[in-house]
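The next block holds one structure in the form of structure tokens; read it before the comments.
Protein chains in written order, with this note's numbering: chain S, -13 to 241; chain V, 922 to 1343; chain D, 32 to 276.
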């Protein structure tokens, strides 16, 4: 696995897109902090941009890269290697490259311009979302033969998580506002990885508002570090489940 | 000396009187070497206007009643222990000064307002530089005029539940009080005023009190400046009062379902100027207030910066900074008779083509999401999502649900307070 | 024992059988040419053998080891795909290093069959993304022959190669066959088939129509050229089939 990992990473290190992603994030981060008079405002704007952009880019890049590497993957598959090691190496290399891009492009400058727990949490959320959406992208690439279809599906899934799911959630809140649905809202939000990342950041920057609830589940959940740990665990599950399905599909895949 | 017989040797031993003239005030000294009853005995012995020096040591004498104008000065913070019998010091005479004592041992009671220092119907009492430890009420004044309460450290017991706590500084029907540079922690209310007029509260620190850091009702013409209220269970509550002046106070980290940086209820003619509100669930709640000038305040990183009820009128917000709040403004209706003018809003996305420092298009501080959230408080989990941003953007472009008149026509492009990392 | 054994091997995609009921045994030192029209199942057969496609029915054994089990059997297998694409940013040398790594061959980059002959040694520092189709085929050929395979699978190996390189490649096939390697080769060039094949496997609509030596084919039809003899044989078989029905 480490051999595949190493050479995939060498390939990715020279990939123009990975470098471009890093530079784009650097430009956005530095630009926002230069432009905004209030660092906290820059940080909040950045969190919105990153929480949308990181999943999109991770997912689409993973899909495109794996499609483009299909013949090479085939070449690896006829070598005396277990398939799980091939995908393991590729997935890990993709995650490493994209996560490094996110952490160096956004995480590090964030901590420089706006040191503190909020930036650290946002960097952590970006890191986890990179892993989640790389895994989802890999799953899509393995399950679908056509590149255009795969990319389209990636976009649909991203759109679902970044906007549609929240709209449905809001609709549920309206529709069932006469029922005791309060305890269900946070668990429902946890079904969307982007929401999880966002809630992690909220727990740092909007804790005061979060504490404005008598609902027991909120107090329990929003108990500061505990909430972040719970969100991290849920995000880890969001990495594990698509990865597991991807490995299973890859093992059974016909090239 | 006219002392009761059993006390005579004691007085001879410990209470040294200097006579500088037949009618001049004397100074008595009370030391720890002899058995109980020394302080009470000295008080009984002293004539009005005398001074009693209390040397370092422990004086566990139960309630000590001071019924004549005396100055009692502690040396090396002597400990006065009320042994849980009721009050510790009970002052019923004017012109009493208590300085440099450590006071403890009140009785927790549901019936009596037992206090470390209780002042009843006395004028010009001065309580300075004392420490009050784990008292029920710490300092309790009723019907007192022109008292000075300065530099006291008042520490409750953090382990006690609210039902066994009482207020740190409690004033009822007082006037002309000065409450300066005290620190009050772990009581029920830090400072409590009821029917207190023409008073000044300056430079106090009120921390971790499990109800209000400052709580006042029916108290007119009072001013509050340079105080810090932090981590109190419900923040600060100001009710049924008028002509209140609050400046340069800090309201920090008062968080919880019903916690407020400051809660205004039925307040008229208020000036609230240059205060700092940081990290509160609701920084300022305005309920049924008239004629409030809120200017130059900083609202940073609060859940709700201002919650303005529609029963408020003529509340004017200007030159305030709103930054990093989850919601800048919330309301339960249409608070049209109030104005926002020339504030800095970090959510403002307008431009300043004429370079006059104020934006060329108005800012609407009440967002659609804030209104949704009023109906369904749990919707807060969606804050800062793409969905709610789009909702708010759309509402700002084509206002349809938020009140038309509620806008800041001259939003500042830069905060009047400059940069801050808070 | 046969080198490669297909036992009732079949592959179904949806409702369509790309390969069905294949029984065949390939011996050491034998070169088998797999031919047939487009969509006849050639690629599926090869991919099943390589473990790229999981058969729906039956089994395949290479050197006595089942194909769908331990991937270790692939130490014995060399493969040259019809089209190769490699990671754009890797250099040829790095790709060869990676493969050497996977195979634990301990070889030097410049060693091995065809490396010098095809001029790959001079291109070690070229990035794979900059290669022409022919150059990629050369790299593919080098990798296929590199680890002394006992089963070599070549999919249209000369397509895209210049005539000289094609000749070198065919010479290498003859060499490796002589060392006892079983070679499976698909080609649309009948000259290549004639020149190399010990037996010809003809597939149509997923079925093996025949598996005969060129001599048997020409003998049965009386036609000297395979390109003529094969269609004739097929027509005859079809007629026989119709008559038997």
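Don't be surprised by glycine CBs; every beta carbon is placed ideally from N, CA and C.
Under the Cβ criterion of 8 Å, residue 8 (chain S) is not counted among the residues facing chain V. With contacts defined as CB atoms closer than 8 Å, residue 1058 (chain V) and residue 1087 (chain V) qualify as a contacting pair.
If you check the CB distance, residue 1329 (chain V) and residue 1262 (chain V) come in under 8 Å. Interface with chain V (8 Å Cβ-Cβ cutoff): residue 33 (chain S) is included. A direct Cα-to-Cα measurement between residue 951 (chain V) and residue 215 (chain S) gives close to 59 Å.
Taking a 10 Å sphere around the C-beta of residue 198 (chain D), we find fewer than 16 other C-beta atoms and assign the residue as exposed. Close partners of residue 197 (chain S) in chain V (Cβ separation under 8 Å): 1176, 1177, 1178, 1180, 1202 and 1224.
Taking the Cα of residue 46 (chain D) as reference, the smallest distance to any Cα among D:82, D:255 and D:87 is reached at D:87.
The Cβ of residue -11 (chain S) sits closer than 8 Å to at least one Cβ of chain D.
By alpha-carbon distance to residue 1108 (chain V), the top candidate from V:1131, V:1102 and V:1126 is V:1131. Residue state for residue 112 (chain S) is assigned as helix, using DSSP reduced to three classes. Burial is judged here by how many other beta carbons sit within 10 angstroms of a residue's own beta carbon; residue 1148 (chain V) has at least 16 and is buried. Of all residues in the stretch 1017 to 1043 of chain V, none is placed with a Cβ closer than 9 Å to any Cβ belonging to chain S. Short of 6 Å from the beta carbon of residue 1075 (chain V), and not among the five residues preceding or following it, lie these beta carbons of its own chain, in chain order: 1053, 1059, 1089 and 1105. Residues of the same chain with a CB within less than 6 Å of the CB of residue 126 (chain S), apart from the 5 flanking positions on each side, are 49, 136, 139 and 140 in chain order. Residue pairing by DSSP places residue 1114 (chain V) opposite V:1092 and V:1137 in a beta bridge. Going by beta carbons, residue 1022 (chain V) and residue 1001 (chain V) fall inside the 8 Å limit.
DSSP links residue 1121 (chain V) through a beta bridge to V:1099 and V:1144. Within 8 Å of the CB of residue 187 (chain D), no CB atom of chain S is found; the nearest one sits about 14 Å away.
Residue environment for residue 202 (chain D): exposed (fewer than 16 other C-beta atoms within 10 angstroms of its C-beta). Note on geometry: alpha-carbon atoms of residue 109 (chain S) and residue 32 (chain S) lie some 11 Å from one another.
Here the stretch 1228 to 1235 of chain V makes contact with the stretch 1196 to 1212 of chain V; the two share three or more CB pairs at distances below 8 Å.
Nearest in C-alpha terms to residue 1035 (chain V), of all of V:1047, V:1219, V:1056 and V:1042, is V:1056.
With a cut-off of 8 Å on Cβ pairs, the stretch 248 to 263 of chain D is not in contact with the stretch 96 to 105 of chain D, counting fewer than three such pairs. As the crow flies, the alpha-carbon of residue 1287 (chain V) is around 33 Å from that of residue 10 (chain S).
For residue 1267 (chain V), the chain S residues whose Cβ falls inside 7 Å of its Cβ are 24 and 27, in order along the chain. Among the residues facing chain D, residue 76 (chain S) is not included, as its CB has no counterpart in that chain under 8 Å away.
Bridge pairing for residue 1038 (chain V): V:1010 and V:1060 [DSSP]. Between residue 237 (chain S) and the set S:99, S:92 and S:60, the nearest pair of CA atoms involves S:60. When DSSP states are grouped into helix, strand and coil, residue 220 (chain S) belongs to the helix group. Under the 8 Å criterion on CB atoms, residue 85 (chain D) is classed as interfacial with respect to chain S. Counted as a single uninterrupted DSSP element, the alpha helix (DSSP H) harbouring residue 250 (chain D) occupies residues 245 to 252. Contact residues of the stretch 224 to 239 of chain S toward chain V are absent (C-beta to C-beta distance below 9 Å). Along the stretch 144 to 169 of chain S, none of the residues has a CB nearer than 7 Å to a CB of chain D.
Counting only Cβ-Cβ distances below 7 Å, residue 0 (chain S) has contacts in chain D at 120, in chain order. A residue is called buried once 16 or more other Cβ atoms fall within 10 Å of its Cβ, and residue 132 (chain S), having fewer, is exposed.
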